[in-house]
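See below for the structure under consideration.
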C-alpha cells in the first residue's frame, strides 16, 4: 500500500470532516426540522461513531488515493460503492446505540445521501478548479487557438485534456458539428460554433490557428471534406487517431497526429468477438510463418494480446525477424516466445521445428507477393507460395495442429499473374489438407486485398517519390484497388480463424475500391503540395500480370454470410483427381526453372489463369508503382 503522504492525508481529512462531522449532524437537523431537542446527546455519539466508520472505509476503498482533479464517472461509481457500505454501517450503528440514545431510522439514509452529494461535489469542484486554473508556469505561454471538429465523445476528451494541460500550448476556442441538436450548445464551457461547412468563416472570426479533427469513426469522405475546408481557410490541421489506434477509447494530447492517407480512406471500426478468439488462442502454442513481414508481424502482435502459452516467430529474413522480435520484447514482455530463422520450403528444417515446438495453431503468412517480380521469377513463386504451403500443411497434419490459417490474396481470384495463380493453388492445397484433418481440426484460408503501409505497397513508394520531387508513377489512371489497414487485416484474420469451419476460404469485406490516382493526389496534398503543379503524376502502362480492378470472389464461387458481418465464405470449387499429379508436375518444373512448363501446369491447375507470359518471353518492364 502507498504511503499516506501529506496530500493524501489532506484529502482524507476533508472527506472525514465533510462526510462525517458535517453530514452527520446535518442529517439529524434535516430529520428533526432543525431542532435536536432530546436527540442532542444521541447526535454527538452517532457522529463520533460515523466518523470512525468513514475513516475505516476510506482505507478499505482507498478513496484518498484516487485523483480528484481528474474525477469522472468511474470515480463517482467507486465513491457510491464505498458509501453504500457506509450506509450499512450507519444503520448498524443505529441499532447498536444504547436504549437511552435512540436515533431516528431515517437519519442513516439521509446521512448517506447527503454524504454522497457532498463528497462527490468536493471531487467535481476540484476537477473544475484544475481545468479552469492553469499552472502558474504555463500562464506566460500564449497557447495556440484550436478549433475542434466533432462535438462527440472524442472531441470532449481532447478538449478536456487541453484544459488540463495548458503547458501543451493548445487552447480550444470552440467546436463544429453537423448534428443540428448540438447547435448553439455549450460543452465544457465551449460553444458549438456551427456546422463543419462553416469552418472557413469561423477560422478568421475566432482567430483559429489550428483545426483538430476529433471524429475517430469518420469515413474517408468526411475527413477529406474537412481537410479541403482547412486548406481553403489556410489553417494547419491535425487529427486524433482512428478507432484502430485508440481501441480503449482514451484520447489524449499525445495522440494528436498529422492527417494520413489512411484517415482519408476511412474504414468502419472492426468489432471483434474477443471471447471466440480468446477461446482458440489462450494458453495455446502459436506459430506464425513470415513473422517478419507486414502482416505476419502484426498477426504476432495481435496474438500476443490473447494470452498464448508461447509464440514462435519464424521467417527467412533475419533483419525483419529481429524487428518483430523487438516489438514482442517491448510491448509483450510477459509473453513467452521463440524466434527461428528458417525457410518454409525446407521440409527437414520445418519438420524439426514443428516436432520440437508442437504448435497448436499456425498462421501461414510466408509468401512471395510482388506481382511483377514473380512474373519474372515464376519458379520462385511456385516453390515458395505452393511448395512452402504444401510443406506446412503436410507437417500440420502430421503433428496434429488444431487450426491452420493460410493468408491469401484477392489476386487469387481469376488470376492474371503468377503470384495470384500460385496463391490460388495454395488455397486449394489447404482445402485438400482439410479433407484429411481429424475431427475438431480446421484448415482455412483468408483472402483480402491490399494493405496500407505494407512492404512494397504504394504508400511508402509514393512518399519516397514525393520526397525526391516526383513524379509519382502509376501504371494506369483508372486502376482501382481494395485497401485496409494492417491492424484491421490482422484482427479479421484472427476473427476468421475463430469461426472454425474446416476447408473454408474466408473473404474479408474490403469496403469500396480506391482509385490509385486519387490516393496519389491525396498524398501530394497531405505533403503540403499541389498535384500536377508541384508534383506530377505520370502513367507507365499496365505491366504483365496486372489488372485494372481486383476481385474478391469469382461469379462461380458465390458468397455466404458468416457469424461476423465483415467476413464471408466463398463457395467451394471442385478439386480434380489429378490435383496431386499436377502439383508434382508444377513443382518439378519450378525446380528445373522451366518457365513454359510452369505456366502450362498452372493453367491446368487454375483454368481461369489468364497470364500470357513465359520465361522465354523476355524480361518485363521495370517495377514502378506496384499497387501492393
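Residue numbers (this note's numbering): 16 to 643. Idealized CB from N, CA, C, for every residue including glycine. Predicted model only: the values in this text are computed from it and were never measured.
key: Per DSSP, the bridge partner or partners of residue 522   = Looking at the DSSP assignment, residue 522 forms a beta bridge with 462, 583.
task = Using a threshold of 8 Å, state whether the C-beta atoms of residue 98 and residue 161 are closer than that.
result = Residue 161 is positioned such that its CB atom lies no closer than 8 Å to that of residue 98.
query = Should residue 48 be labelled buried (16 or more other beta-carbon atoms within 10 Å of its own) or exposed?
reply = Exposed.
inquiry  = Assuming residue 326 is part of the beta strand (DSSP E), what are its boundary residues?
reply    = Start and end: 325 to 330.
query = At a cut of 8 Å, does the stretch 489 to 500 reach the stretch 544 to 554 through at least three beta carbon pairs?
reply = Enough Cβ pairs lie closer than 8 Å, so yes.
message = Within the continuous alpha helix (DSSP H) that includes residue 502, where are the two ends?
response = First-last of the alpha helix (DSSP H) with residue 502: 501 to 514.
task = Could you check what DSSP says for residue 188 in three-state terms: helix, strand or coil?
result = For residue 188, the secondary structure class from DSSP, reduced to helix, strand or coil, is strand.
inquiry  = Quick check: what's the CA-CA separation for residue 298 versus residue 323?
reply    = If you draw a straight line from the Cα of residue 298 to the Cα of residue 323, it comes to about 4 Å.
message = If you reduce the DSSP assignment to three classes, tell me which class residue 168 lands in.
response = Of the three classes helix, strand and coil, the one that applies to residue 168 here is helix, per DSSP.
key: Rounded straight-line distance, which links the Cα of residue 396 to that of residue 387   = Distance from the CA of residue 387 to the CA of residue 396, rounded to the nearest whole angstrom, comes to 11 Å.
request  = Within the stretch 351 to 378, note down every full beta strand (DSSP E) run reaching 3 residues or more, in order along the chain.
outcome  = Qualifying beta strand (DSSP E) stretches, in chain order: 352 to 356.
query = Just reading off the beta strand (DSSP E) that residue 33 is part of, what are its end residues?
reply = First-last for residue 33: undefined, no H or E at that position.
message = According to DSSP, simplified to helix, strand and coil, what is residue 337?
response = DSSP places residue 337 in the helix class (H, G or I) of the three-state scheme.
ask   = Which same chain residues, not among the five before or five after residue 45, have their C-beta less than 7 Å away from its C-beta?
value = Leaving aside the five residues that flank residue 45 on each side, the residues in its chain whose CB is nearer than 7 Å to its CB run, in chain order, 125.
ask   = Distance, Cα to Cα, residue 534 vs residue 540?
value = Using only the alpha carbons, I get a separation of about 10 Å.
query = Going by other Cβ atoms of all chains shown within 10 Å of its Cβ, with 16 needed for buried, is residue 111 buried or exposed?
reply = So residue 111 ends up on the exposed side.
query = Between residue 510 and residue 310, is the Cβ-Cβ spacing less than 8 Å?
reply = 8 Å or more divides the Cβ of residue 510 from the Cβ of residue 310.
request  = Please name the residue, chosen from 120, 88, 301, 114, that lies closest to residue 102 on a Cα-to-Cα basis.
outcome  = Looking at 120, 88, 301, 114, the one whose alpha-carbon comes closest to that of residue 102 is 120.
Cross-strand partners of residue 418 (DSSP beta bridge) = DSSP lists 376, 457 as partners of residue 418.
ask   = In whole angstroms, what is the alpha-carbon distance linking residue 453 and residue 522?
value = Here the alpha carbons of residue 522 and residue 453 stand approximately 24 Å from one another.
query = With DSSP run on the structure shown, which of helix, strand or coil describes residue 495?
reply = Assigned with DSSP and collapsed to three states, residue 495 falls in strand.
key: Spatial distance of residue 602 from residue 518 (CA atoms)   = One C-alpha to the other measures close to 23 Å.
task = State buried or exposed for residue 616, treating a residue as buried only when at least 16 other CB atoms are found within 10 Å of its CB.
result = Buried is the call here.
ask   = Whose C-alpha, out of 403, 179, 169, is nearest the C-alpha of residue 158?
value = Minimum Cα distance to residue 158 is reached at 179.
Alpha helix (DSSP H) segment containing residue 446, residue limits = If you look at residue 446, you'll find it in the alpha helix (DSSP H) that goes 433 to 450.
query = I think residue 393 touches residue 433, with their Cβ atoms under 8 Å apart; what is that distance to the nearest whole Å?
reply = With 8 Å as the limit, residue 393 and residue 433 qualify as a contact, their Cβ atoms being about 4 Å apart.
Alpha helix (DSSP H) segments (min. 4 residues) lying fully within the stretch 381 to 413 = Entirely contained in the stretch 381 to 413, the alpha helix (DSSP H) runs reaching 4 residues are, in chain order, 386 to 391, 393 to 396, 403 to 413.
key: Cβ shell of residue 108 (< 6 Å), same chain only, five flanking positions each side left out   = Here the set comprises 64.
inquiry  = At the level of alpha carbons, what is the spacing between residue 253 and residue 316?
reply    = Near 27 Å, if we compare the C-alpha coordinates of residue 316 and residue 253.
message = Among 413, 474, 436, whose alpha-carbon lies nearest the alpha-carbon of residue 390?
response = Out of 413, 474, 436, the CA that lies nearest to the CA of residue 390 is found in 436.
ask   = Is the beta carbon of residue 421 sitting closer than 8 Å to the one on residue 379?
value = Residue 379 sits close to residue 421, with the two beta carbons spaced by under 8 Å.
message = Classify residue 34: buried if its beta carbon has 16 or more other beta carbons within 10 angstroms, exposed otherwise.
response = Buried, since its Cβ has 16 or more Cβ neighbours within 10 Å.
key: Run of the alpha helix (DSSP H) containing residue 62, from where it starts to where it stops   = Where residue 62 is concerned, the enclosing alpha helix (DSSP H) stretches over 55 to 75.
ask   = residue 28: buried (16+ other C-beta within 10 angstroms of its C-beta) or exposed?
value = Exposed: under 16 other Cβ atoms inside 10 Å.
Collapsed DSSP secondary structure at residue 159 in the structure displayed = Correct three-state label for residue 159: strand.
Per-residue DSSP class, three states only, for residue 552 = Residue 552 carries a strand assignment under DSSP once its states are collapsed to helix, strand and coil.
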